[in-house]
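Residue 141 in the working numbering sits at position 149 of the sequence shown, with consecutive numbering throughout. For reference, the structure discussed in these notes is given below.
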Amino acid sequence: MAVRRFEVVRRPLRVYVDTSVFGGVHDDEFRAPSERFFAAVRGGVFVVLVSEALVAELASAPAVVQATFDAHRAHMEALATTAEAAALAEAYLAARVVPAASHVDALHVALASVARADAVVSWNFKHLVQLRRIRAFHAVNVLRGYPLIEIRSPLEVIDDEEA
-7 MAVRRFEVVR RPLRVYVDTS VFGGVHDDEF RAPSERFFAA VRGGVFVVLV
43 SEALVAELAS APAVVQATFD AHRAHMEALA TTAEAAALAE AYLAARVVPA
93 ASHVDALHVA LASVARADAV VSWNFKHLVQ LRRIRAFHAV NVLRGYPLIE
143 IRSPLEVIDD EEA
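This is the structure:
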């Protein structure tokens, strides 16, 4: 009897990236892991999901941050802000997952959830990459029929052996 060998084929992970990750390349504290994350993007490990909300935030960012965004356009998939994503963002706000002033953060997670992204990647530890908030995002997603969404820092998603 012949033994079959199977090879695992890895597909690129679809990750929604918020503004903080593009800015992290230019921040002393986050530079090294941000650069490794974008090296993995260029290496095909990740497809970066972006939105109109992200582009609007970048409009007021420093030119170097905008240039980092522009340098990775070939590895991006644009997401439209749909009524479905807007409603999910409102559900997060109604559940007080994030404060009302952080509507854009709620929208980032909603867009990623509706798009069935593999993860949201962010350096925003106040409103996104925080266990209590992640659990609250999960609760709203489950109640509304969406899958759980991973919310991680770039440091948590990079695998230095792949980058």
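Heads up, the beta-carbon is just placed ideally off N, CA and C, and yes, glycines get one too.
Assignment of Phe38 by DSSP, reduced to helix, strand and coil, places it in the strand class. By the neighbour-count criterion, in which a residue is buried when 16 or more other Cβ atoms sit within 10 angstroms of its Cβ, Leu135 is exposed. Under a 10 Å Cβ-count criterion, Ser52 is classified as exposed, with fewer than 16 other Cβ atoms of the shown protein chains found around its own Cβ.
Between the C-alpha atoms of Ile150 and Gly36 there is a straight-line separation of about 12 Å. In summary, Asp20 is exposed, with fewer than 16 beta-carbon neighbours lying within 10 Å of its beta-carbon over all protein chains present. Straight across, the Cα-Cα distance linking Arg108 with Val57 is about 27 Å.
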